[in-house]
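This report concerns only the one structure given below.
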Amino acid sequence: MLAHPSAISSLSLSKDGREAVSAGHDASIRFWSLEKRQCTQDITSHRPMRGEGVCSVVWSQDGRYVVSAGGDGVVKVFAR
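To convert, note that position 23 of the sequence shown is 360 in the numbering used here; the numbers rise steadily by one, no gaps.
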């Protein structure tokens, strides 16, 4: 699977194991279908600052949300 154009800083698997979400220094978050082995969504809502993009990304315990923390000092919550 082709990924981010720069380093990946964080990766998290969904509770059911069907999806992964990755975060990169390119300030993007990408959702991946592990069954189809392809990117299903690309989000670029964080701003790169001081050479940092998205530092961390994690699924909520119930699998309904993904939370990201960016080098821009912003925490974002995305509904799945």
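Think of the CB as a built atom: it goes at the ideal place given N, C-alpha and C, for glycine as much as any other residue.
Nothing here was measured: the structure is a model prediction, and the numbers come from that model.
- Taking C-beta atoms as the reference points, Ala364 and Gly410 fail to come closer than 8 Å.
- Taken through DSSP and simplified to helix, strand or coil, Gln378 comes out as strand.
- Within its own chain, the residues whose Cβ lies closer than 6 Å to the Cβ of Ser347, once the five positions on either side in sequence are excluded, are Ala360, Ser393, Val394, listed in chain order.
- One Cα belongs to Arg387, the other to Ala344, and the distance between them is close to 15 Å.
- The alpha carbon of Ile366 has as its nearest neighbour, out of Lys373, Arg374, Ala357, the alpha carbon of Ala357.
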